[in-house]
Each structure stands twice: as C-alpha cells, then as structure tokens.
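Visitor: Numbering (the UniProt record's numbering), first residue to last: 1 to 903. One structure, as structure tokens, below. Some questions next.
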Amino acid sequence: MTNIVVVESPAKAKTIEKYLGADFKVLASFGHVRDLPAKDGSVRPDEDFAMDWESDDRGQKQVKAITQALRGAKHLYLATDPDREGEAISWHVKDMLAKAGALKGVDVQRITFNEITKRAVQYAIAHPRELDLPLIEAYLARRALDYLVGFTLSPVLWRKLPGSKSAGRVQSVALRLICERESEIERFIAREYWTIQGRFMTPAGAPFSARLTHHEGRKLEQFDLPNEALAMAAKRAVEAAEFSVGSVEKRRVKRNPPAPFQTSTLQQEASRKLGFGAQATMRTAQGLYEGVAIGGETVGLITYMRTDGVQMAREAVAELRNHIKSEFGEDYIPGAPREYSSRAKNAQEAHEAIRPTDVSRTPEKVARYLNDQQRKLYELIWKRAVASQMQSAELDQTSVELVEPSGKTKLRATGSVIAFDGFLKLYREDQDDAPDDADEDSRILPPMRERDPLKRQGVEAAQHFTQPPPRYSEASLVKKMEELGIGRPSTYASVLQVLQDREYVKLDKRRFTPEDRGRLVTAFLVAFFEKYVDTGFTAGLEEQLDDISGGRAEWREVMRQFWNDFRDAIDATKDLKISDVIDRLDDELGSHFFPKADDGSDPRLCPACGAGRLGLRLGRTGAFIGCSNYPECRFTRPLAVPGAEGEGGGALADGVRVLGTDPETGLEVTLRRGPYGIYAQLGEGGTDAKGKPTKPKRASLTRGMDPEVMMLEAALALLSMPRVVGLHPETGEEITSNLGRFGPYLKMGALSKSLDRDDDPLTIGLNRAVDLMAGAKPRGITLGEHPKGGPVEVRRGRFGPFLMHGNRVANLPRGTEMEAVTFDEAVTLLAEKGKELPPRGKGGKKAPARKAAPKAGAAKAPAEAKPVKAAAAKKAAPAAKKAPAKKPAAKKPAAKKPAAKKV
C-alpha cells in the first residue's frame, strides 16, 4: 500500500476508501488522539505556555494502527475535518507518528473536502497542502485559555463558594446572559395600556378593522391610554363620529430570501421549526454529512456542518439555479446568482455554507432512507439552500387612513398581499418570540378609494399589559451569543449542554431558567471577576484568537497578556473571606431569595424565632438560607424561592400518571416516581403458573426525557428495549441499544459500550453506533488452555484487568493492558501471584476450596491458610468456624472509594 489517508470517523473511512480505489488505505483517528491531561500543570505559563499532551488507550491504538499501515507507504494524507479542530487533530497525528519514527521517507500532506462525494475527495487528493500553522496556533491558544481558566478559577470557586462545580471561559458568560435575563424578568413591572379597534364596512360591503392612531388632535403613543377611563372616552369619540377614507397608500416591497445555513442559523431554525436541541441538531447533521446508505452505497447528503460561512461553490449555485428553473420556472430565478457574505472575520474558519451535496436528491427521494430526525433536518437544509438562490418575493402593502370631518380622530388600517411569492413558495423563515399575528402576509384589505364613506360596525376597547422579556430558548441564546461574538458557533451546542450537566440551568418548556446554584456562581464571578465574564472582553478575546488563526498575531503574546492580568485577579482573592462572599452575594441576590410579600411583611423575618433575620449562608455542601440568631435559632431552608418548590411536578406529584393503553397487550402504561427516579411501567404485575407474584415490566426514563410532556409512544419505545440499531457494516453483527443499571449502552456480541450523555438509545443511528463500538473493549479474552486443564482468561475488572483460571485469580502489573498479556506470562503470574476466590457455596457455610488448597501444592498451603495456622493448637472444627471470618475479603465496601472520585 503506497497511500495512507487518515480521517476522523470510521464511517467516513469506508466510504472514502471506495472513492479512492485499491492504491489507498483509509484509517480513522476516532477524533482527537491526545489531549491535555485533566490535572494541574498540563499548561505551564512560566515555561512560555508549554503543554503536556496525553493519549488515551484508544488514541494510542489508532496511532499504532496508522504506524503499522505506513510501513512501505510513500504518502500520508491527513484528511480530518476542514476546521480548526480538524487541523489540530491532523497536527497531533503527525506529531505522534514523527515521535514514533513512522514518517521516515513518507510524504505528509494535508487535504480537506467540504463534502463526502467522489468528486470532492478526488479533487482534494489532487490538491494537497501543508498543515496550516496559524490555525493550529489558534487551537493551542484556545485550548490553553480554556484550560487555564478552568483549572485556575474553578478551585477559587470551590474554596470561596462551597457547592459550586466549575467555571469555564465561554460557559460562564453564557450563564451570565441567562441569569441577567431572569433578573430582568423578576424586576419587570407590567404597565397597563389600552387600544381602540373599530370595525368598518366599505361601500361594497367588505368588512375590515382599523386601529385608533389620533385622539383629540394628537398622535397616540403606546401609553397615552393608560386606564379604562381614558380608553372609554376615546371609544366614545370614535362611536360619535362618521368616518370616510382619508388616504390610501400602496407600495410594492421586496423580501429577499435568507442566506443558506451556517452552524448557528441551522441550530436556531431547527430549534424553532423542529423543536431540536442544539446537540440533537449537530448529531443529526453529522450523520447526514458522513453519509447514509442509499442503493447499496453510503452517500454524504450535506456539506460540512460546522461552518461560519454562507457562501457556496459556483458549481453548487449553478446546480441550484438549474433545479429552480426546471421545477419552478424562469420567473423564480434572479438575473444573477445571489452572493452572501459571512460576518466571520477569519476566512480560514469560514467555509462553505451547509447545503445538499446534490440538489437532485430531493427530500422526497431520500426520505425512505432516513430516520425521522434526519428526514426533517435534511428537508430544512435542502429547502433553505434552494430558496437562497430563488427570486425575491414581492408584496403589495396597503395603508388606509380613516378620518372624520374635524380631523381630530383618525384610525389606520394596514394590510398586505403577496403579489409574487418568489422564494416564499418553498421556504419561510420563522422568527423566535414573534407574536401569533405577526404574519402580515395574511392580512388583506378590501379595495378602497379616497373619500369613500364607511359604515361603522362596532368599536372595542382592549386592555393590555406589557410583557417581560422572554427567557432565552436555545435558538435565541445562540443568536445572542453570535451577535455578541462570544465563542464559536461550532461550540455552542456543547456550551449549552455543559450548563445543564452542571445543573446551573434547566431547560423547561424549551426555555432556559437559571438554577439557584447557577445564579450564585454568576453573582460570585460578577462580583470578583467581572472582567472575565464581561461580554465585551470575551468577544475581544475571540477577535484576538481570530487574529492568531489569520496570522496577524503571535499566540504566546496573546496568552501572556491574558495570563498576567488573570493571575493578578486570582491572587487578589487569596485573602477573601467566605463571610465577605456571603455578604456580597446576599446583597446581590436578596431580592431574588426574599421577594416582597403581598401583605407588606418583612420577607427576611425568621418564621421560627420571629426575631432573627434570614440571609444567605454557606455550608460544606453548598448554600442555604439560615437565621442570624444561630445557634440559638437553627431554622434553615433550601435556596429555592418560597413557593417554587414542588412546581413542575404536574400530574406526577402523587407518584403516578396514566399515559394510555398498550395496543398489543391491552395493559395500562403509567409513569411512576420511585426512590431512584421516574420510570415507565406496563400493567400491574400478576402471578405465574405456580401462583407466585410476578413483577410488571419497567424502564427508567433516559437523560433529557421530560416526564411532564412524555407521550404513550415514547413510553412504549422505552418498554420495548432492547432496540436493534442495525448490522455492523464490517462484521455483520447486530448492534442493539438498551438501558442498563448504569445507564443506556450498546451491545454487539461480547462487546458493550456506554452511550455518551447526548446519545439517545431510542434514536441513535447506525453510523454513530459504529463509531462508539469502535472504542468498545471486550469484558474478557481467552488466552489458551492451562496445562492443568481449563481456560486461562484475562478479564476487565472494576479495579483493572486480571487473570483467571478456574477459581484462581491474579492482578496484572499496574499499567499492563489486557491485549498485551501473552499466554506464558499469564500462566506464570497465576502460579506466582494467584489467589483462590472465596467459596460460592450456599450461604458461604461450606468451604470446599480450602480443603482442595493443600492438594495444589504443600508449599502454598501455609500462605493460603493463615487463619488456620494461627489456630494450630485448636481442634479442626473451631478452625473451620473461623473460615467465615475471611468474609472481610468480600468486604468490598472499599468500593466506596471510587465513589469519592465523583466529587
């Protein structure tokens, strides 16, 4: 083999190898092959930001496979994704291979392609380039920044604000946005205002409505009718007058189509139109990019989905225009191709927009090859891309002013009609938080002329109250972060997920609400590190990172400027007392935790002693509300705002919610609250043929499932687990997803693999499953037949790999991998360091293994029977009684030690 190609995903590897032919072998890196170790000191500012990189088992395994494949090869093509992370992965792979001495005589080139099609891949091979050093340096700077902020600021949080988890550079700013919006809502005071609406009829008998705009000779502003009395007076003025058409204004306006999707707009529109979260959108788009099986071939349906760009290749634009002409006609094609410009400052990170790789693969043609999520997202991407090259829509907007003889009272009616639908024939963009009546295209006014007399049908006065700003949805928060220049669109999905995983925010009815823990963290950071959670500062830092990737700044100099100021800010908190933190947070969040009482009483008055003042307190496990008269008064309560506890319990507050009836069994399906969380249950159980009670089938809800909106279909899907995902494309083995004691997992033969946090066992696709199973390791490997009979196995245990032969076990030396042990080494280790497992007789009363132990070898008997040796002078029977004392060996409540790692 003379040519080796390295990509990130095994799903891509198989497809690309078909495109390139027999002279190429394509291998997957499975993402990053190494990263900064999650421990202090991995980035050393005092050594000019030197970094330590560490490769996990999977990374080492993949690099080893690439090293072996390179023997005799002449060319190595690094074909990881066409973005900053992809460039970094290629750099890591090359560096590890160079250190292993695998690149001698090998020509190393970097190639990128924006779509997984034969044309794009072959073009990339023919046009290789060198690794982009500025882009790699931008990755190094970003990685070092995130590491230093996390590993420097988080310990300050833990010491000064017990109960908090950690802080991140971009996550903390996003959290601040959510918390500040919540504060705006809490401070909001509704204002009353009234509007007057009249119903009229034209001389031809056509009805329409108009709103009062002028009263008593002056133009009305929003709050000029603030109460019912003034509103009724205005209403009477309209009822007392005779109106005619004063003026009719008509104008034709054009509405241009939106640009094709980039990462952020795709996430926003998928949230608004499809109800997809950012993580689900990106996961589904990844599958469409890597390809789906169509007609026996894996086909990439969309271009790369992590992009800041909105421009498209000329060939793609030409294909889109030809499709529009053939499907919709000449009138729907603008005179010249539409060009869109990206707001991204760094051209190297602003790749082509997200579009279909082949416009002829319409959503209708490929629907049967896609799952439900893929079908919906592909249709959205396809329509948006096609619409972006269509003719503008034309609307006739009409504005009619109604007047009475004195001219003191005027009303206005507005409407519009679509004169030419243009791109609206295919696609309409949703607006987040738009009112229900915002679509003016549906409001059409009847024909009218100046001086036409009008007949009044009725007048209504409507009371309104201003509304607080809405909480952020995933779509609106992504839009806000993009507007402010915070982070990068490709990272938004993970940022929002981290905030939820840390329990700083919760997503309720598709809106973000900050948890009290999140508000405390934000208040602390704003009070003592305001600069580093300031949107302007964070956006400025992003611009500096863009300058690095554009070759306009030196990354270590940017790091030095940041680190010097940041270290000073951290040092300034060394002498900060927890009491100072409490006072500051109590002052900042007092209005939130102690809202004004309706009866005017003091919300901080202690309900227990009647004299103490309630305030924020910090304990070892976190914050709580306590009385100032402690220890005389020991009143405490959780942080939750009074009245908020128990909200959201819905129909599950009593522990049971009926979802419906299973059509197959006729049994009732319910949701229930148990000691370990909420689960779905089928029926109520019964008895078997012998009259013994049987348990009903149950399934725990997976992460992200909302019990309040869960429907019967979803519960039945859970209860029907395991689910067949598909057949592995290489081995042909069946891959299934299931729910286990420790969460959802995949299984294929003897291999099993836990799902990641953002993977759903009910919807996970085959490509993603194959990726995950590539990192799965077997529970055990049979090495051979022992000379004394029986298999010798190496197994994966809770505390590391170990050897086993019959009842005899031996731990492997620290750091030894399962796959590295030979049969001879295993036999030697079992003989020298092996121990007998405790007996498994009924109740553990019999100990046959002890009687057999001396037969295995007299020299070993004393070591295996120390309790017996200690009682040598006693009779055999008492010695046997002492055997159960060995049960402390099973005393693996030392298993509690690993639990401590979760802290």
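All residues carry an ideal CB built from backbone N, CA and C; glycine is no exception. No experiment lies behind these values; they were computed from the predicted model shown.
Taking Cβ positions, are R451 and G415 nearer each other than 8 Å?
Guide: With a cutoff of 8 Å on beta-carbon distance, R451 and G415 are scored as not near each other.
Visitor: Leaving out the 5 sequence neighbours to the left and right, which residues in its chain are closer than 6 Å to I333 when beta-carbon positions are compared?
Guide: R321, I324, K325
Visitor: Helix, strand or coil, according to DSSP, for T15 in the structure here?
Guide: helix
Visitor: Should A73 and V121 be called a contact, given that it needs their Cβ atoms to be closer than 8 Å?
Guide: Not a contact, by the Cβ cut-off of 8 Å.
Visitor: Can you tell me whether DSSP reads M559 as helix, strand or coil?
Guide: helix
Visitor: Since F24 is in the alpha helix (DSSP H), which residue starts that stretch and which ends it?
Guide: Run containing F24: none in the alpha helix (DSSP H); it sits in the beta strand (DSSP E), 24–28.
Visitor: Check each candidate in T303, T763, Y532, F200 and name the one with the smallest Cα separation from A569.
Guide: Y532
Visitor: Any heavy atom of the ligand FMN closer than 7 Å to the beta-carbon of S183?
Guide: By its list of ligands, the structure shown contains no ligand whatsoever, and the ligand FMN lies outside what it can speak to.
Visitor: Could you pull out every residue in the same chain whose Cβ sits closer than 8 Å to the Cβ of F420, ignoring the five residues on either side in sequence?
Guide: D331, Q391, A393, E394
Visitor: Within its chain, find whatever has a CB closer than 6 Å to the CB of K845; leave out the 5 residues flanking it on each side and keep chain order.
Guide: Confidence at K845 is low in this model, with a pLDDT of 43, below 50, so the placement of that residue should be treated as unreliable; the coordinate-derived value is given next. Nothing listed; no residue qualifies.
Visitor: With DSSP as the reference, please indicate the residues paired to residue 912 in a beta bridge.
Guide: Not covered by the structure: residue 912. The range shown for the chain is 1 to 903.
Visitor: Below 7 Å CB to CB, which residues in the same chain sit around P356 once its five sequence neighbours on both sides are set aside?
Guide: L301, I302, I381, W382, A385
Visitor: Could you check how far apart the C-beta atoms of V43 and M51 are, in whole angstroms? I think they sit under 8 Å.
Guide: That belief holds up - the Cβ atoms of V43 and M51 are roughly 5 Å apart, short of 8 Å.
Visitor: Any chance the region 711–725 sits against the region 747–764, with 3 or more Cβ pairs inside 8 Å?
Guide: yes
Visitor: For D546, count neighbouring Cβ atoms within 10 angstroms of its own Cβ and tell me buried if that reaches 16, exposed if not.
Guide: buried
Visitor: V108 by DSSP, collapsed to three states: which one?
Guide: strand
Visitor: Where A651 and D662 are concerned, what is the direct C-alpha to C-alpha distance, given to the nearest angstrom?
Guide: Residue placement at A651 is flagged as unreliable, the pLDDT there being 42, under the threshold of 50; the coordinate-derived value follows with that caveat. Rounded to the nearest angstrom, the two C-alpha atoms are 20 Å apart.
Visitor: Consult DSSP for I486 and reduce its assignment to one of helix, strand or coil.
Guide: coil
Visitor: Give the straight-line distance between the Cα atoms of K99 and T112, rounded to the nearest whole angstrom.
Guide: Distance between the alpha carbons of K99 and T112 is about 24 Å.
Visitor: In terms of alpha-carbon separation, which member of Y679, E733, Q500 lies closest to A167?
Guide: Q500
Visitor: Mind checking if F276 is an interface residue toward chain C, Cβ cutoff 8 Å exclusive?
Guide: In the structure shown, chain C does not exist; there is a single protein chain.
Visitor: Select from P514, R617, K788, E542 the residue whose C-alpha is nearest the C-alpha of I183.
Guide: It is worth fixing the name first, because residue 183 is Ser in this sequence and not Ile. Selected option, being the one with the closest Cα: P514.
Visitor: In this structure, what does DSSP give as the bridge partners for G626?
Guide: G615, T636
Visitor: Can you give me the C-alpha to C-alpha distance between T15 and K365, rounded to a whole angstrom?
Guide: 21 Å
Visitor: Exposed or buried, what is K18 when buried is set at 16 or more other beta-carbons lying within 10 Å of its beta-carbon?
Guide: exposed
Visitor: Check whether the region 217–226 and the region 185–195 are in contact - that is, three or more C-beta pairs closer than 8 Å.
Guide: Yes: the two stretches touch, three or more of their Cβ pairs being nearer than 8 Å.
Visitor: I'd like to check one pair, R456 with residue 975: are the Cβ atoms closer than 8 Å?
Guide: With the chain running from 1 to 903 in the structure shown, residue 975 is simply not present.
Visitor: Can you name, in chain order, every residue of its own chain whose Cβ lies under 8 Å from the Cβ of I548, other than the five neighbours on each side?
Guide: P134, E137, A138, A141, E554, W555, V558
Visitor: Express the C-alpha separation of R519 and L783 in angstroms, rounding to a whole number.
Guide: 56 Å
Visitor: If you follow the beta strand (DSSP E) that D534 is in, where does it begin and where does it stop?
Guide: Run containing D534: none; DSSP gives neither H nor E here.
Visitor: Please classify R191 as buried or exposed, where buried requires at least 16 other C-beta atoms within 10 Å of its C-beta.
Guide: exposed
Visitor: Return helix, strand or coil for A873, following the three-state DSSP convention.
Guide: Note that A873 scores 38 on pLDDT, short of 50, meaning its location in the model is unreliable; the coordinates nonetheless yield the value given after this. If DSSP states are grouped into helix, strand and coil, A873 belongs with coil.
Visitor: Checking the sheet assignment: what are the DSSP bridge partners for A210?
Guide: Beta-bridge pairing links A210 to G198.
Visitor: Just to confirm my understanding: we take A539, look at its own chain, exclude 5 residues before and 5 after, and list those with CB closer than 8 Å. What are they?
Guide: L484, G485, I486
Visitor: Give me the residue from W158, T573, K254, D95 with the minimum Cα distance to S55.
Guide: D95
Visitor: In chain order, what residues of the same chain lie with their CB nearer than 7 Å to the CB of P37, ignoring the 5 residues before and after it?
Guide: Around P37: D52, E54.
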